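Residue numbers (UniProt numbering): 1 to 1216. All residues carry an ideal CB built from backbone N, CA and C; glycine is no exception. As the structure is a prediction and not an experimental result, all values here were calculated from the model. These notes are about the structure you will find just below.
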Amino acid sequence: MPPVARSEEEEADFMTQLLAESEGSHSSADTVRTSRTTQNSQPPRTPPRSRDIFATHTSRILATPQTPARTYSAQDVDVDQLLAGAEDWDWDDMNSDCLSPKKNKSPKKVRPAIHAPPKHDLRKCIRCSVKHVTDMYDDSSYQKDLVVEVIPGHECRRVILRDGWITADVRPGDIVNIIGDFSVPLFTSDSMNMPSISISSKSNFFIHHPDLLITATALSSAPQCLRKPLISNLVRGSVDVTPSLVWGTMLHEVMQTCLSEGCWDEKFVEARITDEVGRGLSELMRINTSVEQATIEMKARARGIKSFADKYIAQEPKSDAILTNTRAAQGQTSLLAISKLHDIEEDIWSPTYGIKGKIDASVNAVISEVEEGVGFFKGPAKTTTQNWTMPFEIKTGRAGAGMEHRAQTMLYTLLMAERYGSEVPSGLLYYTRSDEVVRVPAARNEIHSLLVARNELAGYMMRRMGIPRPLDRSLHDEDIGGGGDDPEPHDIESFLPPTIDDSWQCGRCYALDTCMLYRKAAEEVVDTTSPIADIYALKTSHITREQGAFFKKWEALIALEEQDLIRFKKELWTMGAREREMHGRCFSDMILDVSYFPVLDSREAAQHGARIHRFTYRFTKSSKVEVSLLNGHMSFGDAITVSVEPDLLALARGFIIGLTPQELVVGVDHELDLQAILERKGGLSSEVIFRIDKDELATGMGRIRENIAHMFYADGDSRRLSLVVDLTPPQFDEIGDFDTATPPLSKLSGLNSSQRIAVSKVLSAQDYALILGMPGTGKTTVIAAIIHELVSMGKTVLLASYTHSAVDNVLLKLKHTADFGILRVGNLDKIHPDAFEFTLASRRAATNIEQLEQQVMTPPVIATTCLSLDHPLFSRRKFDYCIVDEASQITLPTCLGPLRFADKFVLVGDHFQLPPLVRNRAARRGGLDISLFRRLSDAHPHAVVDLTEQYRMNEDIMLLSNKLIYSGRLHCGSDEVAKRTLTLPNRAFLQSLHATRQSRCKVVFVDTDAVPAHDSPVGDLVENRIEAQLLHQVAESLIRSGVRQDQIGVLSLYRQQIKLLSYYLQDRKEVEVLTADRSQGRDKDCILISMVRSNAEGQVGDLVKDWRRMNVSFTRARSKLIIFGSRSTLQGTSLLKEFFELMESKGWILRLPANAHEMHILPACGDFSKKRPAEDDSYDSKDTDHERKRGRRIITVDCGLLKGRPILKDLANAVE
């Protein structure tokens, strides 16, 4: 995006703001002596993927070897000559990499030696918790005196904050990083005799809330307006795409490709332009520009690339390779050569400084400083040449080092110094329009001021993610009922800085709408007199008090949910890989399988090369101990980060695209070059050990906030504001009963009466309709029928859901019946293979805008998820209807996303089944788990149509949910369904076990109290091994009795139990083992449920207390339902108490005798404990002792042959 033009006065004001908290300017020499730091001490590292980028341009000349700098003694120096011209030296502006005396110009040109960069000063970064804060005056100056406790450990130290650092809102309990050297004073009182450090504008650094990684881009704009980066971080809407932005993005890609490939000739550049224009067709469609026009524009803008390469891509600086240095002394000239590329789009996270950034290019720069005499003191020129690792930022706007650009580049020098282990005294800005490269020194004063601004931003962000700290503990109390009151609006601290009230700057700000919305709704500001009062009124006068309260409530609930995401995120650097693996959120000790070469099908090949999936790798465990990768919370499709142990954090990011007990396959955005990584680690080891962590912040809370905010903007979705916020009643047309008044139609004739009424309701809706689909009532069938009917009427439809599987289920229903176009949009890795034919990737690639428009603008049906709405087609298309499936499982803010692209909407769901997934207890208590479907159905029951005829469960299984949940509204669709039973084709197996007796029992609760079968913890997860063995025995018996594997489903509420059951059933590949959450929408002839919780204390956990999950679990079976659990533990919940009363009245409870799991022992069962990480052994032994103390009996049995005891006889149906 082109930089905004700034006047000289603005530039001066910017620098004044940036340095406002500093104690005067500092000399360059001071800047050098105060070196930047990194977290762990290590030798210099060679960065990954180093390339000879001038190879093809200069016949692949090898890099010049780095020559050690010569050391001079005092006797080597002519002092008179050294001080020549000293009166002209600019001590305040000179930098470490340009400080040298002026000498007379040498009559003979001497090739200068190239000095290696100095090592980065790796001073220790100390992570601390603040214990006490004291404000005090010392020598007429204000300072903050902190007592901190080192983490880990309990050593107390003293920290004195001076100058700009005192603005940090530090409180007891806060986490801080102290960067610098502590010292112990010789003469102090006993109470203060502790290591201490003074942090001022001249020395050391103080980082407040370092676990909040703030982008360098956000920080670069903070000196002008501290509020703007916070607003941008909170609400991340779709940016208005301008032609300049499109050209800039494409030119970035072309330039980066040239750097990567080391090729700069005109034909190569033109070929890359053609490639980029072809790849950017969707963006060209946004700005309505043809391929021909784009190519002409790009060639004009890329005209300087060749001349840039001629000047700057070289082994040594050329005479015309001028490096612009705004701080150069008189008579000083800098020359630049870029000799090597380290990385492109390098994403660096720094928990040391609390910042992160994505650098356009990380390069090796060779800089020659040429010093010439001035005036009467002219002498021979002196040239000093040095190698540096530097950030190289590409700017496609107008020439001139804009103030935000400079600040951003300075911060990148901190990131690169830490990542590469060498000094990075400055960065490079390349302006393509002027073919100019500008040097940006990383001066101490500016870095200090930017980090002070960073701390202030972090303080506001922490306030946003919670309520005042003394109340925080109540939000995480395990007892939801005893956690204290929810925060009232007046209890919440201000989490945004005040507006700057500059009508000119505010009026031009891209975040104006959001800023004014927060000012009105969240901050409740009344303003009629400020310079921005008119703008404020224009943007917010339409928002009523009630509407503002709605926004404030839901925005706060989203912030509470963010708390857990931040907490999990920081574990990447605060928790060791093995420890985090114990909690199920990491794979530790992983090695790259170098023998793996992915064979990509057409779907995978289309995704391969996408921005987030450019490379595919397979990993295995490095240790010989058998460890199952199926343990824990990580599964297919999860977002991950790949790091190198111990200190190369987040080298690559991507998704899990394959997972087995022994292997993990990922698609990532960066190449993992083992040789380059080994070189970077300084040859300290011969093996690269990776850790792969679950990325908890990939869900995009900023986009979810945008969905809410969009309703409130002056030019936003006012209709949805009325329907959703004000709860204006929906209107319906008066039409005849669709199910009786119309003749049977080909697509609707197969529908039952309630399904036809649902179709009729949708067609008559002026605003929206709600379809309550009880279990097995054919929601997917109804959605497909509605789509058929709407398209036949010439309407367009946007189909959406929260999950990819739900979207694809509808498409598969339409696959063989639809005679109209369908386009599936979204991440190809997550789209069902059978739905791949609906994607653009399955079709012939468009070569011009007209072809692309034909592909994306003409299909009447577009299908995507609620979070995949950033495709360019949504900037051009509006739909007649939006249908959202599984709407009751989607939070209200998320569900709003697709609705704004349609005139009318249809929500299909069942709020008696799974609710939206909300992690934070306070957010749940506040109502974040109340879906839009539930809000509207509770407010307007007349808008709801019930689907009541179910075709899944027999009448016994249906009885459970019908009596406990649906108040008798559910009916079997036919007598055949009602009498459905599970038939055992081969009863010989059961007859070999015992004498069978007739049993018509189709629902059985297997009570394990007498066995016993107690639950046990695995890290922060829970499992029940004996219950899993019992379930395995029954599943095996059913299979050996002739029941097909694909007829059986195994469910549990707990992930660890799912992993355990998956292991026991690993040889039965077609038996599906699912959590209750993943089972919604699925069904099987026979369902086996493991309830897991069994303990003397009667602790059942939140999952079992959730009656909606129990409803889902009970309604997955068609013919047979077998539930394993402890009655004494489970009957403590109100719903299950009613359940047991019903089961008892029907005689459907089977009580197992003691040691029942040993009476039917199956062969070929390994010991699952071997599938645990080695560090689990000590934990298990500790748990065993703990269980014995509590009176539990821990039983571990080997597997053998069946012994013929009559335990299974009541678990199978008799032959008809």
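Tell me the DSSP secondary structure of residue i in three-state form.
i, result
"Gln386", "strand"
"Val810", "helix"
"Ile543", "coil"
"Met136", "strand"
"Met590", "strand"
"Lys904", "strand"
"Ala222", "coil"
"His670", "coil"
"Trp1148", "coil"
"Ser749", "coil"
"Ser595", "coil"
"Asp885", "coil"
"Trp264", "coil"
"Phe820", "coil"
"Ser106", "Reliability of the predicted coordinates at Ser106 is poor, the pLDDT of 43 falling under 50, and no value is obtained from them."
"Lys356", "strand"
"Lys795", "coil"
"Ala321", "coil"
"Ala1096", "coil"
"Leu1021", "strand"
"Asn364", "strand"
According to the Cβ coordinates, are residue i and residue j closer than 7 Å?
i, j, result
"Asp929", "Val918", "yes"
"Lys569", "Ala522", "no"
"Ala652", "Asp669", "yes"
"Gln913", "Val1112", "yes"
"Ser622", "Ile591", "yes"
"Asp767", "Gln731", "yes"
"Gln1057", "Val1092", "yes"
"Glu393", "Ala923", "no"
"Arg1044", "Ala1076", "no"
"Ile822", "Val861", "yes"
Note down, in chain order, each residue of its chain lying with its Cβ closer than 6 Å to the Cβ of residue i, except the 5 sequence neighbours on either side.
i, result
"Arg272", "Val254 and Thr257"
"Leu932", "Leu892 and Cys895"
"Ser368", "Pro317, Leu335, Thr383 and Thr385"
"Arg934", "His911"
"Ser842", "Phe836"
"Ala511", "Lys228, Ile231 and Ser232"
"Glu687", "none"
"Glu404", "Ser220 and Ser221"
Drop a sphere of 10 angstroms on the beta-carbon of residue i, count the other beta-carbons inside from all chains shown, and report buried for 16 or more, exposed for fewer.
i, result
"His208", "buried"
"Gly968", "exposed"
"Pro775", "buried"
"Val184", "exposed"
"Val594", "exposed"
"Ser494", "exposed"
"Pro223", "buried"
"Asn288", "exposed"
Using C-beta distances below 7 Å, list every residue in its chain close to residue i, excluding the 5 sequence neighbours before and after it, in chain order.
i, result
"Arg1116", "Gly1049, Leu1051, Ser1079, Arg1082, Asp1083, Lys1084 and Ile1087"
"Ser503", "Pro531, Ile532 and Ile535"
Which whole-angstrom value is the C-beta distance of residue i and residue j, which I expect to be below 8 Å?
i, j, result
"Val642", "Phe690", "6 Å"
"Val884", "Ala785", "Not quite, the Cβ-Cβ distance comes to about 16 Å (not below 8 Å), so this is no contact."
"residue 1222", "Ile178", "No information on residue 1222 is available, as it lies outside the stretch 1 to 1216 that the chain covers here."
"Met390", "Leu428", "5 Å"
"residue 1217", "Pro1153", "The structure shown does not extend to residue 1217, since the chain spans only 1 to 1216, so no value can be given for it."
"Ala168", "Gly459", "7 Å"
"Val241", "Glu276", "Contact flag wrong, Cβ pair sits at about 16 Å."
"Met711", "Leu727", "Wrong, their Cβ atoms sit about 13 Å apart, outside the cutoff."
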